[in-house]
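K.L.:
Chains as they are written, first to last, in the numbering used here: chain V, 1 to 281; chain Z, 282 to 489.
Dropping the structure in here first, questions after.
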Amino acid sequence: MVAGLRRDARALDELVEMRRLAGRFHEPISTPDLTDRILHGVEQRRGFLSSRLRRRVKQGRTLVGACALLSLFLIAVAHRVNPDLFRLHAEPTPVADLDQAVVDDSIESKSVIRDVVRGLEPAGLISGAEPVRRDPVALPAIHIPELATTAPAAPPERYITLTACADAEVLALGGSHSLIARFEITTARADDASFAACPVEWPVDRFASLAVLTMQIGSSPAVSADSPVVAAGVVPLSVDPGVVSAYVGRFDPLGRSEITVDDRANPQPNLRERVSSDEDR
Amino acid sequence: MDRHTERDLIERAIAGDRAAAGEFIQAHQASVYAYLLRMSGRPHLAEDIAQEAFVRVLSNLDRFDFRYRFSTWLFTIARRLYLNAVQKHKPAFDSEVVSRATGDACMAGGAVDDDESRQTRRDLLQQGLMRLSTEQREIIVLFHQLDWPIALISRHLGMPEGTVKSHLHRGRQKLRKALAETPDYAERLDLVSLGLETHTARDEGVPD
């Protein structure tokens, strides 16, 4: 190629000329020092740290990381030892405790109702007092002055048992309070304390339409004869053998009230006097 | 600067070492400025673009891929910034038509007849370069000014090596012709002794 160029003068001239031009490219160019301007621009965007500060930052980051790891380790150990330590809310109780919880709730409910009942002042039997109507039942007080309270010859087969219930309704009746309690007809239980406390037992078949009983309740142990106490349980119609009052009524959830009175003084045992509610009168 | 030193400097600069960043700038600012000056013909513009290129590179050093050379990345950003600047001021006419008509060295994208351009016009070489197309000018500058091999230029510009060689050849022809048309060209041109070294070795392209 070189030999060929030597023969071709024109090509040689061109090559020489090009080399001269290429040489001009390598002539030094006066370059301004942009270092400070550039570093200033970089500092504005991200900043530089001195080597000492860099070391401090690195040490700080290492320390923070180590503390975080240590904290996690300690939390894990503490959780292992005492799982409840970091629990935010109570562990749900298993179903196996449900029955006990129901019993406990029942006991608590009974104690609450008992407290309410105890708070009622014991009152004597009301006779001749006008009832105060409270929805939906109005129970007039009817005094049956003379009623033989002869104990039945044989133990009755069924008894009316009253129990305090959460939905018991308190009636203001003639100045005292009566608690409408739920009742049920049960077989006699000899070991029932409330049953034993009642002097009179009334077989249920004597009250054909008995549905609801009102009673005056006072559970204070120190009661006088003037303030009879009727315990929830088997309820006699009279707490005083000499004086009998009967409050017998039927509670109708639909709003009708019907009260049937069984007048034991009446020689006709099947006589029924229907006493309507206040509205019906 | 060898790769090991370059990597060490980069890592120190990433860590926030101001001195390491300064070393980078000192090592590369001359070549970047020369490249931009040859491309634009305007010293102030070359300064601004060079500064911005360094700031961007040093601000994003943590993204640098150590598989490549830092200089390549730097020149890529400088090139983009230059092309953006050209695009911003691009006139509605072809720069080659303008340069042929006026005979003046003008920046592709519009000439500004200010002090800096007058100074540059004195530089014959710059005058000739401004008559080339952007691609030809760039390839000639990278090849002759920065001594980049053809393979590297090809990778940098995303062009096949054959295309790079073609642009190089045509650019040289055009540059010679442009300079020959200058009235006092023959008087200014230094006559040096003949040498027959060619650029064959670099033309073959030695990968960086």
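No residue lacks a Cβ here, since even glycine has one placed at the ideal position from N, Cα and C.
The structure presented is a predicted model; accordingly, all values stated were derived computationally and were not measured.
As a quick exercise: from Z:Thr444, Z:Leu449 and Z:Leu438, pick the residue whose alpha carbon is nearest that of Thr357 of chain Z.
P.N.:
For the purposes of this step, residue 357 of chain Z is identified with residue 76 of the second sequence, where counting begins at 1. Taking only the C-alpha atoms, the option nearest Thr357 of chain Z is Z:Leu438.
K.L.:
Within 8 Å (strictly less), CB to CB, does His425 of chain Z reach chain V?
P.N.:
Translated into positions along the second sequence, residue 425 of chain Z becomes position 144. Yes, His425 of chain Z lies at the interface with chain V (some Cβ there is under 8 Å from its Cβ).
K.L.:
Comparing C-alpha positions only, which one of Z:Arg436, Z:Ala300 and Z:Gln407 sits nearest to Leu324 of chain Z?
P.N.:
Numbered from its first residue, the second sequence carries residue 324 of chain Z at position 43. As written in the sequence, residue 324 of chain Z is Pro, which differs from the Leu given in the question. The residue with the shortest Cα to Cα distance from Pro324 of chain Z is Z:Gln407.
K.L.:
Measure the C-alpha to C-alpha separation of Pro441 of chain Z and Pro430 of chain Z and round it to an integer number of angstroms.
P.N.:
Residue 441 of chain Z sits at position 160 when you count from the first residue of the second sequence. Residue 430 of chain Z sits at position 149 when you count from the first residue of the second sequence. Looking at the two C-alpha atoms, the distance is approximately 13 Å.
K.L.:
Have a look at Ile29 of chain V and Leu326 of chain Z and give me their C-alpha separation to the nearest angstrom.
P.N.:
Walking along the first sequence from the start, residue 29 of chain V turns up at place 29. Walking along the second sequence from the start, residue 326 of chain Z turns up at place 45. Between Ile29 of chain V and Leu326 of chain Z, the C-alpha separation is close to 15 Å.
K.L.:
Relative to the C-alpha of Ala308 of chain Z, which residue among Z:Leu413, Z:Phe335, Z:Lys455 and Z:Asp329 is closest?
P.N.:
Reading the second sequence from its first residue, position 27 is the one you call residue 308 of chain Z. Ranking Z:Leu413, Z:Phe335, Z:Lys455 and Z:Asp329 by Cα distance to Ala308 of chain Z puts Z:Phe335 first.
K.L.:
Anything in chain Z within Cβ reach of Leu34 of chain V, meaning under 8 Å, just list it in chain order.
P.N.:
Here the question's residue 34 of chain V lines up with position 34 in the first sequence. By Cβ distance, chain Z contributes Ile306, Gln310, Tyr314, Glu328, Ala331, Gln332 and Phe335.
K.L.:
What residues in the segment 9-30 of chain V bring their beta carbon closer than 8 Å to a beta carbon of chain Z?
P.N.:
So the list reads Leu12, Glu14, Leu15, Val16, Glu17, Met18, Arg19, Arg20, Leu21, Ala22, Gly23, Arg24, Phe25, His26 and Ile29, given in the order they occur along the chain.
K.L.:
Does the distance from the CB of Leu423 of chain Z to the CB of Tyr363 of chain Z come in under 8 Å?
P.N.:
For the purposes of this step, residue 423 of chain Z is taken as residue 142 along the second sequence, with counting starting at 1. For the purposes of this step, residue 363 of chain Z is taken as residue 82 along the second sequence, with counting starting at 1. For Leu423 of chain Z and Tyr363 of chain Z, no; Cβs fall outside 8 Å.
K.L.:
Would you give the residue range spanned by the alpha helix (DSSP H) that Met411 of chain Z belongs to?
P.N.:
Sequence index remark: in the second sequence, residue 411 of chain Z carries index 130 (1-based). Here Met411 of chain Z belongs to no alpha helix (DSSP H), and DSSP marks it neither H nor E.
K.L.:
Decide if Phe351 of chain Z is buried, meaning its Cβ has at least 16 other Cβ atoms within 10 Å, or exposed.
P.N.:
For this step, residue 351 of chain Z is matched to residue 70 along the second sequence. The residue in question, Phe351 of chain Z, is buried, as its Cβ has 16 or more Cβ neighbours within 10 Å.
K.L.:
Can you tell me whether Gly452 of chain Z is buried or exposed? The criterion is at least 16 other CB atoms within 10 Å of its CB, across all chains shown.
P.N.:
For the purposes of this step, residue 452 of chain Z is taken as the residue at position 171 of the second sequence. Buried, since its Cβ has 16 or more Cβ neighbours within 10 Å.
K.L.:
Just to confirm before moving on: does the CB-CB distance between Leu410 of chain Z and Ile421 of chain Z stay below 8 Å?
P.N.:
Residue numbering aside, residue 410 of chain Z sits at position 129 when the second sequence is read from its first letter. Residue numbering aside, residue 421 of chain Z sits at position 140 when the second sequence is read from its first letter. Their beta carbons are under 8 Å apart, which means Leu410 of chain Z touches Ile421 of chain Z by this criterion.
K.L.:
Suppose you measure from the CA of Asp84 of chain V to the CA of Gly65 of chain V; what does that come to, to the nearest Å?
P.N.:
Looking up residue 84 of chain V in the first sequence gives position 84. Looking up residue 65 of chain V in the first sequence gives position 65. Whole-angstrom Cα-Cα distance: 27 Å.
K.L.:
Put Asn82 of chain V into one of helix, strand or coil per three-state DSSP.
P.N.:
Position 82 of the first sequence holds residue 82 of chain V. Residue state, collapsed to three classes: coil.
K.L.:
In or out: Glu27 of chain V buried (at least 16 other Cβ within 10 Å) or exposed?
P.N.:
The sequence position of residue 27 of chain V within the first sequence is 27, counting from 1. Glu27 of chain V should be labelled exposed.
K.L.:
Counting C-beta neighbours from all protein chains within 10 Å, is the total for Asp167 of chain V 16 or more, i.e. buried, or is it exposed?
P.N.:
Taking the first residue of the first sequence as position 1, residue 167 of chain V is located at position 167. Any reading at Asp167 of chain V must be qualified, since the residue scores a pLDDT of 39, below 50, and its modelled position is unreliable; no value is offered.
K.L.:
Quick one: grab the DSSP three-state call for Phe345 of chain Z.
P.N.:
Start at 1 with the first residue of the second sequence, and residue 345 of chain Z comes out as number 64. The answer is coil: DSSP assigns Phe345 of chain Z none of H, G, I, E or B.
K.L.:
Are the C-beta of Val64 of chain V and some C-beta of chain Z separated by less than 8 Å?
P.N.:
Taking the first sequence and counting its residues from 1, the one referred to as residue 64 of chain V is at position 64. By this cut-off, Val64 of chain V is not an interface position.
K.L.:
For chain V, find out if any of its Cβ atoms is closer than 8 Å to the Cβ of Arg457 of chain Z; answer yes or no.
P.N.:
Position 176 of the second sequence holds residue 457 of chain Z. Yes, contact with chain V.
K.L.:
Given that a residue counts as buried once 16 or more other Cβ atoms are within 10 Å of its Cβ, and exposed if not, what is Val57 of chain V?
P.N.:
Stepping through the first sequence from its first residue, residue 57 of chain V is reached at position 57. Val57 of chain V comes out exposed.
K.L.:
In the structure shown, what three-state DSSP assignment does Asp13 of chain V receive?
P.N.:
As a first step, residue 13 of chain V must be located in the first sequence, where it is residue number 13. Looking at Asp13 of chain V - three-state DSSP - the assignment turns out to be helix.
K.L.:
What residues of chain Z sit near Gly45 of chain V, judged by a beta carbon separation below 8 Å?
P.N.:
The sequence position of residue 45 of chain V within the first sequence is 45, counting from 1. First, the amino acid is wrong: residue 45 of chain V is Arg here, not Gly. Result: Val336 and Ser340.
K.L.:
Using a 10 Å radius around the Cβ and a threshold of 16 neighbouring Cβ atoms, would you call Tyr349 of chain Z buried or exposed?
P.N.:
As a first step, residue 349 of chain Z is located in the second sequence; it is residue number 68 there, counting from the start. So Tyr349 of chain Z ends up on the exposed side.
K.L.:
My assumption, with CB atoms under 8 Å, is that Ala302 of chain Z sits in contact with Val42 of chain V. Please give the rounded CB distance.
P.N.:
In the second sequence, the residue the question calls residue 302 of chain Z occupies position 21. In the first sequence, the residue the question calls residue 42 of chain V occupies position 42. Contact holds; Cβ gap of about 6 Å.
K.L.:
What three-state label does DSSP hand Trp429 of chain Z in the structure shown?
P.N.:
Here residue 429 of chain Z is taken as the residue at index 148 of the second sequence, counted from 1. It is coil, neither helix nor strand.
K.L.:
Using a threshold of 8 Å, state whether the C-beta atoms of Gln321 of chain Z and Leu427 of chain Z are closer than that.
P.N.:
The residue you call residue 321 of chain Z lines up with position 40 of the second sequence. The residue you call residue 427 of chain Z lines up with position 146 of the second sequence. The residue asked about is misnamed: residue 321 of chain Z is Ser in this sequence, not Gln. No, the pair does not count as a contact, with Cβ atoms beyond the cut-off.
K.L.:
In three-state DSSP terms, what is Thr31 of chain V?
P.N.:
Translated into the one-based positions of the first sequence, residue 31 of chain V becomes position 31. Note: Thr31 of chain V maps to coil in three-state DSSP.
K.L.:
Do the segment 287-302 of chain Z and the segment 336-344 of chain Z meet, that is, are 3 or more Cβ pairs less than 8 Å apart?
P.N.:
These segments touch.
K.L.:
How about Thr31 of chain V and Ile306 of chain Z: are their beta carbons less than 8 Å apart?
P.N.:
In the first sequence, counting from the first residue as 1, residue 31 of chain V sits at position 31. In the second sequence, counting from the first residue as 1, residue 306 of chain Z sits at position 25. Cβ atoms of Thr31 of chain V and Ile306 of chain Z: not closer than 8 Å.
K.L.:
If you check the beta carbons only, do Ala331 of chain Z and Gln310 of chain Z fall under 8 Å apart?
P.N.:
What you label residue 331 of chain Z is simply residue 50 of the second sequence in a count that begins at 1. What you label residue 310 of chain Z is simply residue 29 of the second sequence in a count that begins at 1. In contact: Ala331 of chain Z and Gln310 of chain Z (Cβ atoms closer than 8 Å).
K.L.:
On a Cα-Cα basis, can you pick out the residue from Z:Trp354, Z:His450 and Z:Asp346 that is closest to Asp417 of chain Z?
P.N.:
Here the question's residue 417 of chain Z lines up with position 136 in the second sequence. First, the residue type needs correcting, since residue 417 of chain Z is Gln and not Asp in the sequence shown. Gln417 of chain Z has its Cα closest to that of Z:His450, out of Z:Trp354, Z:His450 and Z:Asp346.
K.L.:
Looking at chain Z, is there any beta carbon in it that lies within less than 8 Å of the beta carbon of Leu72 of chain V?
P.N.:
Numbered from its first residue, the first sequence carries residue 72 of chain V at position 72. No, Leu72 of chain V does not count as interfacial toward chain Z.
K.L.:
Between which two residues does the alpha helix (DSSP H) harbouring Pro324 of chain Z extend?
P.N.:
Residue numbering aside, residue 324 of chain Z sits at position 43 when the second sequence is read from its first letter. Pro324 to Ser340 is the span of the alpha helix (DSSP H), which, as asked, contains Pro324 of chain Z.
K.L.:
Does Asp36 of chain V come out as helix, strand or coil in the three-state DSSP assignment?
P.N.:
Within the first sequence, residue 36 of chain V is the residue found at index 36, counting from 1. The answer is helix: DSSP assigns Asp36 of chain V an H, G or I state.
K.L.:
Assign Ala296 of chain Z to one of three DSSP states: helix, strand, or coil.
P.N.:
To locate residue 296 of chain Z, count along the second sequence from 1; it is residue 15. Reduced to three states, the DSSP call for Ala296 of chain Z is coil.
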